Each structure stands twice: as structure tokens, then as C-alpha cells.
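In the working numbering, the protein residues as written are 161 to 832. Have a look at the structure below, then the notes.
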Amino acid sequence: MKALILNSGTGSRMGMLTADGPKCGTLLNESAGKSETILSRQLRLLHLEGVDEVVITTGKWDEKIRDICRPFEGQMEFTFIYNPEYANTNYIYSMFLAGDMEDDLVLMHGDLVFHPLALHSVLQSPVSCMAVSSTVPLPEKDFKAVILDGTIRKVGIEFFDDAMAAQPLYYLKKKDWLVFRDAIRSFCRDAQVHCYAENAMNTVTDRMDLHPMDLKDILCQEVDTPEDLQVVKERLKDLEHMKVYLSFSTDVLHAGHLHLIHRAQAYGQVCVGVLSDEAVSSYKRFPLLSEKEREEMFRSLPGVEVVSQKELSYRENLEDLRPDFVMHGDDWREGFQAPVRSEVIKVLSEWGGTLVEYPYRQDRRLKMLEGRVREELSLPDSRRARLRKLLGMKGLITAMEAHSGITGLIVENTAVLEDTGGAHQFDAMWISSLCDSTAKGKPDIELVDMTSRFRTIDDIMEVTTKPIIFDGDTGGLTEHFVYTVRTLERMGVSMVIIEDKVGLKKNSLFGNEVQQTQDSIEHFSEKIRAGKKAQKSRDFMICARIESLILEQGMEDALTRAAAFTRAGADAIMIHSRKKDPAEIFEFLSRFRASDPQTPLVVVPTSFHQVTEEEFRRRGANVVIYANQLTRAGFPAMKKAAETILKHHRALECDEMLMPFQEIIRLIPEEM
Ligand code: SPV
Ligand code: MG
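Printed below as a string of C-alpha cells:
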């Protein structure tokens with residue numbers, strides 16, 4: 161797209177102000193270091209909108225106009241079209257001389273002063289349009305546009321019926337511009353060079369598709385006289401106090417962000433809301449830089465005020481700051497941010513604020529940076545430490561079982577939209593002994609050895625970034641457990657959970673239906689102490705899992721053990737039960753919390769699955785593990801597909817049960 165700015169006029173109505181320079185060189189503000197002319201303001205706003213090819217028609221003040229453009233030369237490309245007949249012709253002739261252009265065009269008069277939103281609105285139009293206003297009274301002597309059935313039929317100063325005040329700011333699609341240009345050419349060939357270009361346009365509007373763009377009260381005004389200039393200056397002064405709000409979750413500032421902030425600064429004083437760590441990780445991924453570091457990053461930008469935005473919802477900050485504008489990419493019209501967007505529009509309407517949206521462009525470099533951030537998040541030190549951070553940040557986290565690369569990807573990437581906006585994801589992965597064994601067709605009796613279990617962890621780690629909680633069964637012999645701790649730590653696992661059983665371990669969900677032996681408090685405490693002593697990093701966690709309720713040893717035994725294991729150094733306590741009724745779990749949570757407000761508590765609601773995360777939070781739990789649901793969901797689906805093929809002797813009938821191949825390919829990242 162190109163801009164065509166008409167600047168051949170002499171500006172005689174401006175009196176002394178244009179005695180030795182063009183009207184477009186009139187200063188709009190004189191404050192030190194910030195002085196800007198009409199033309200330089202137009203160029204700045206065009207550049208911010210991404211229009212960098214500019215054609216300017218000139219006349220008497222050709223040299224002076226070029227001087228004004230000079231500072232923009234590095235970033236914009238100029239073509240100057242000198243109209244030698246500037247004194248004897250109107251701008252129709254300048255447009256005739258500039259008529260080689262065959263592009264989409266933004267056309268404006270050189271004396272037009274406008275708000276960035278006026279230019280933005282015109283440029284965002286899907287069809288050709290001209291700036292009009294339904295709120296500005298019809299002017300006596302200036303342009304008006306006659307509008308019938310939603311399109312512009314005539315533009316001129318003489319029309320009053322079905323008309324709206326109009327300003328010489330157009331966005332013309334190439335096909336409409338070519339029709340307009342042909343009309344200009346035929347007028348000029350007939351020596352009709354003293355009228356407006358619009359006189360020519362009026363003969364062909366039936367062949368154009370020109371729509372009104374109603375700017376209402378947004379500043380868009382020609383400066384013809386010193387009085388006009390005064391009015392425009394006053395309005396610009398008022399605009400300086402306007403407030404623009406933007407919210408960011410990024411941990412990397414790149415050229416696109418800076419451009420957006422510069423755009424916002426054209427609208428007024430910029431306030432950036434930095435999303436809290438919790439809000440970012442709820443819908444995106446764990447931020448690489450902390451909230452405070454991200455706030456600092458934005459604070460280092462000149463003229464930017466920074467506040468914290470606690471939630472995805474903008475409401476609290478908007479009601480506090482009452483900005484005139486909120487700016488955002490248009491990518492949030494759909495998906496998990498759509499309700500957030502609707503709320504922003506609703507809240508802004510309470511004081512007449514405006515949401516300004518810019519076309520979102522997926523930046524290739526940003527995608528690359530995002531890939532690097534994910535790599536960083538998947539590194540052992542970063543991943544290991546994240547579980548403690550999440551616990552500190554959220555109070556309650558969720559983990560879903562994963563037993564392979566593909567189930568790891570499901571836990572990593574599955575998110576659901578919340579009605580209130582935002583998304584809900586799992587925080588961590590649980591590498592269950594039951595599901596790891598089941599995937600190999602083996603019983604859950606510590607038969608799948610640690611080397612194989614580590615291989616599963618490795619497969620999952622290779623394609624994911626979320627922290628891992630490892631089901632360490634009994635931890636085996638204390639002499640072996642210390643090595644397991646070291647290996648898990650080195651791999652980047654965040655927490656190992658070991659259960660207080662000895663001998664041949666069977667899955668807890670069998671309870672006392674099978675022979676199982678609980679470890680002594682002393683022996684198990686010793687194992688915990690040895691594990692804690694063996695670990696090298698500060699952030700690795702050893703969680704003691706208490707089997708007293710499973711093995712029907714009673715609540716007192718469970719609580720005594722929990723206290724003893726915490727004293728032995730356990731970083732968390734898991735309490736398990738296989739009863740459908742959650743009463744004993746609730747009792748444990750409340751009695752443990754009464755004496756220990758700190759130590760994180762872990763629950764595995766396989767049997768008492770009716771209890772929500774919110775209720776667990778209220779009752780003092782900190783980690784909810786969904787221990788086996790992916791395995792249990794996958795198995796019947798696979799069995800049914802196999803049976804259907806056997807029954808029909810072909811695959812057609814089972815096709816509707818299957819995930820389309822395209823989708824499964826998309827699940828797998830192309831490169832890490
Ligand atoms: C596992 O998932 O392997 C567990 C939890 O240990 S449970 O199966 O409930 O014992
Ligand atoms: Mg297990």
C-alpha cells in the first residue's frame with residue numbers, strides 16, 4: 161500500500177503562517193524537543209501503521225517539503241511529484257501527475273490533522289472508504305459526502321441532503337483507485353483542472369465501491385485558517401492526557417512488541433499491565449522470567465508506566481486506571497481469550513473507552529524464540545525447580561499421569577477454555593508405576609526395573625516441559641534408593657513419592673485383598689533421611705506416602721507416621737485411601753493441617769473421584785494427582801477398535817472412533 165499526500169497548494173488562507181513555507185510545515189506543538197509539523201505527524205502515524213511508501217505532490221514549496229521528509233528517509237521511501245502548474249491548477253492536476261501508481265492507496269490532503277485511530281480505522285476497512293462523521297454538524301463550506309444505501313455517491317461542498325461531514329482521508333482499493341484515476345485523466349485531458357478531484361470522482365462513484373467510515377468525534381480535521389490551527393492544537397493537547405492500556409505476558413521483548421508500544425504511545429500515555437506468573441502459566445506456559453523481572457523489562461522502556469495484572473481478566477486494572485484505549489492484537493477474537501476480550505469491551509463502554517485491535521502477525525522469529533524458551537524450560541535444573549515454584553505460586557497444583565512420549569504430550573498440551581476466559585491445564589506429570597507397568601503388560605509389583613522406568617521418564621522429558629512427579633514405589637532398599645534419588649535429580653524430576661511398604665509391593669488399590677506389609681516408622685524414616693542426604697540440589701522433593709488407611713491401620717497410625725516422616729525430612733506427605741467416601745481423607749487433611757500448616761499434602765482421588773480440586777484446596781491439600789485416567793481411557797478405546805476390525809474384517813467401521821491422522825501428526829512437535 162502507498163500513501164498519496166497532496167501538498168501542491170500554497171496555503172494562502174493561513175496568512176503569515178505560510179509566508180515562507182508550506183502549510184504542511186505548520187508546527188502543531190512547540191514544546192522543547194517535541195515540535196512536530198502537520199506533515200511530520202502524518203508521516204509518523206503512517207509509519208506506525210506500516211505504510212512506508214509515500215508519494216507527495218509538491219508545488220511552490222517543493223524543497224521545504226523534502227526537508228520535512230528528510231528525517232524519515234531511513235524508514236520510509238519517498239517519491240515527490242512536482243506540479244509546475246501549482247499556481248493555476250487544483251489538486252486534481254497534481255493527482256493526474258501522480259497517477260502512475262497502481263496500488264491500494266491511502267489518500268489524504270496535506271493539511272489534514274488526525275488522531276491515529278482515524279487513520280487506523282480507515283486502513284482496517286475491508287473496502288474502500290472515506291472518512292466521514294455522523295456527529296460533526298454539516299459544514300457550510302467544507303466537504304460533505306452523500307450516502308445512499310451505505311455507499312458514497314457524491315462528495316462536494318454543495319451537497320446537504322443525505323449527507324455527512326466528510327474529510328479528505330480515503331482508503332482506496334486498487335480497483336476503485338483505477339476507476340477514480342481514469343475519471344481524473346479524462347477531466348484533465350479536457351482541461352478541467354480547476355475543480356476538485358472529487359468532481360471527477362462523482363462521475364464514476366457508481367463504478368466504485370466507496371463506503372463511509374464514520375469517525376464520529378475522533379479528530380480528523382483540515383487546517384485551512386489560523387483559527388482551525390488553534391482548534392486543532394487545543395484538541396491535540398487534550399489527547400496528550402489520554403491513557404492507553406496494554407497487557408503483556410511475554411518474557412522476550414522483540415521488535416514487534418516495541419512497535420506496538422510505539423503505536424500505543426501515539427494514542428497517549430502508555431500503561432503496561434504485566435501478567436502475573438500464575439495467570440501466564442494458567443494458559444500459556446511457565447514464564448521464563450519472573451513477574452518482577454518482566455515488570456523491570458517494561459519499566460526500562462521510556463515513557464511506559466508498569467502495573468501488575470493479577471488475572472487474565474483486565475477488569476480490575478481497567479476499573480482502576482480507566483484508560484481511554486486498550487490495545488491488543490486481533491488474534492484474541494477467538495479461543496480462550498475471547499471472553500476476556502468481550503469483558504474488556506463491556507468494561508471500557510462504562511466510560512466510553514475504545515478497544516483498538518491490530519492485525520496479529522505470527523512472527524517467525526518469535527516462534528523461534530518461543531521454541532528456545534521451551535527448550536530452556538525442559539532443561540533439568542529449570543524443570544526440577546518448577547514444581548516448588550508452582551506450589552508456592554498456586555497453593556494447589558494438579559498432575560496427570562503420563563507413561564510415554566505421546567501421553568506426556570497430551571498432558572503438556574491439553575487445555576480447556578474457562579467460561580470466564582483463560583484456560584485450564586495440568587501443572588505437572590505423574591509417572592505412575594501402575595500405568596508404566598500396564599503399558600508394558602506387566603503387574604505393578606516393582607517388576608519393571610528402574611532402568612526401564614528411567615527410560616519412560618526420558619521419553620516423556622524429550623517432548624515436554626512440565627515438571628515431573630515420579631512414583632518411586634517403595635523406593636527399594638535404602639542402599640538403592642540413594643542412587644535413585646541422584647539419578648532422578650540429575651534427570652530433572654521434581655519429586656519422588658515413596659510408599660511405606662516393604663517386601664513384594666502390590667498396588668494399593670488391592671488394599672488388604674492381597675498380602676502387603678507396611679514398613680516400620682523407624683526404617684522408613686531412615687530411608688527418607690538417607691534420600692535427603694543423598695540429594696544434591698535444594699529443589700528436589702521427597703514425598704512420603706502413607707499406606708495406613710489402605711492397610712486399615714487407622715487414622716492415628718497415619719497421623720503418627722506423617723509427623724514422623726516429616727521430622728525425618730520428607731518434603732511432602734501423600735495420604736492414600738481406596739474408599740469411595742472421602743471422609744477419612746478429609747479427616748486426615750484437617751488433623752494434619754491443624755498441627756502442620758506448611759508441609760505440602762498430596763492426594764490421589766481415584767476412588768473418591770467426586771471431590772473437586774476446589775474442595776481439596778479448601779481442605780488443605782496441595783497436590784492432586786490423577787493417577788491412571790489416560791491409561792484407563794485409552795485401553796477400552798483400543799480394545800473396541802480391535803474388536804470392530806475383527807468383526808468386519810476391515811477397518812472402515814472403526815474409522816469414526818479414530819483420531820484423524822492429521823490431528824495426531826499435529827500432536828507431535830516438528831522440532832524441539
Ligand atoms: C500409581 O499410579 O501407580 C500409584 C497410585 O501408585 S495407586 O495406583 O492409586 O496406588
Ligand atoms: Mg504406584
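Every residue, glycine too, gets a C-beta built ideally from N, C-alpha and C. Keep in mind that this is a model prediction, so the values were computed, not measured.
- Task: Report yes or no: do three or more beta-carbon pairs, one from the stretch 458-468 and one from the stretch 566-574, lie closer than 8 Å?
- Result: no
- Which word fits H809, buried or exposed, when buried means at least 16 other C-beta atoms lie within 10 angstroms of its C-beta? exposed
- Query: Per DSSP, P372 is paired with what?
  - Reply: M290
- Message: So if DSSP puts G316 in a beta bridge, which residue, or which two residues, is it bridged to?
- Response: K304
- Item | Span of the beta strand (DSSP E), counted from its first residue to its last, around M560 | I557 to E561
- Query: Is P244 helix, strand or coil when you go by DSSP?
  - Reply: coil
- Task: Could you tell me which residues DSSP puts in a beta bridge with H584?
- Result: V576
- Indicate, with yes or no, if the ligand SPV has a heavy atom lying under 7 Å from the CB of D604. yes
- For L749, the nearest candidate out of R459, A781 and L472 (CA to CA): A781
- Task: May I ask which residues mark the beginning and end of the alpha helix (DSSP H) holding V645?
- Result: T638 to M651
- Within the same chain, show all residues whose beta-carbon is closer than 6 Å to that of M832, passing over the 5 residues directly before and after it, in chain order. At M832 the pLDDT is 45, less than 50, meaning the model places this residue with poor confidence and gives no usable figure here.
- Beta-carbon proximity list for M553, same chain, < 8 Å, skipping 5 on both sides: D437, E438 and S441
- How would you call L594, buried or exposed, if buried means at least 16 neighbouring beta carbons within 10 angstroms? buried
- Can you tell me which of the three DSSP states M832 falls into? In this prediction, M832 has a pLDDT of 45, which is less than 50 and means its spatial position is unreliable; what the coordinates show is noted afterwards. Correct three-state label for M832: coil.
- Through-space distance from H419 to D366, alpha-carbon basis: 39 Å
- Item | Pick from I421, L413, G714 and G416 that is closest to K403, judged by C-alpha positions | I421
- Measure the alpha-carbon distance for I617 versus V430 and round it to whole angstroms. 46 Å
- Message: For A498, count the other beta carbons within 10 Å of its own beta carbon; 16 or more makes it buried, fewer makes it exposed. Which is it?
- Response: exposed
- Message: Can you tell me whether G489 is helix, strand or coil according to DSSP?
- Response: strand
- Query: Residues in its own chain within less than 6 Å of R779 by CB, not counting five upstream and five downstream?
  - Reply: F746 and L749
- Query: Using DSSP with H/G/I as helix, E/B as strand and the rest coil, what is Y251?
  - Reply: helix
- Message: Three Cβ pairs or more, each shorter than 8 Å: is that satisfied between the stretch 248-263 and the stretch 345-364?
- Response: yes
- Message: As an exercise, report each continuous beta strand (DSSP E) stretch of at least 3 residues that is fully enclosed by the stretch 318-393, in chain order.
- Response: 323-332, 370-374 and 380-382
- Message: Is the separation between the beta-carbon of A801 and that of L827 shorter than 8 Å?
- Response: no
- Item | E237 - DSSP class collapsed to helix/strand/coil | strand
- Message: Once DSSP output is grouped into helix, strand and coil, what is the label at G270?
- Response: coil
- Message: Would you say the beta carbon of D631 is closer than 7 Å to some non-hydrogen atom of the ligand SPV?
- Response: yes
- Counted within 10 angstroms of its Cβ, other Cβ atoms place K301 as buried (16 or more) or exposed: exposed
- Message: Measuring straight from C-alpha to C-alpha, what distance separates D561 and R792?
- Response: This sequence places Glu at residue 561; Asp is not what is there. Roughly 11 Å between the two C-alpha positions.
- Message: Any contact between the stretch 301-311 and the stretch 210-229? By contact I mean 3 or more CB pairs, one from each, below 8 Å.
- Response: no
- May I ask which residues mark the beginning and end of the beta strand (DSSP E) holding N189? L187 to N189
- Task: Note down, in chain order, each residue of its chain lying with its Cβ closer than 6 Å to the Cβ of T766, except the 5 sequence neighbours on either side.
- Result: A787
- Query: In three-state DSSP terms, what is Q678?
  - Reply: strand
- Query: Which residue or residues does DSSP assign as beta-bridge partners of M589?
  - Reply: M560 and I628
- Item | Pairwise C-alpha distance: H269 and T249 | 15 Å
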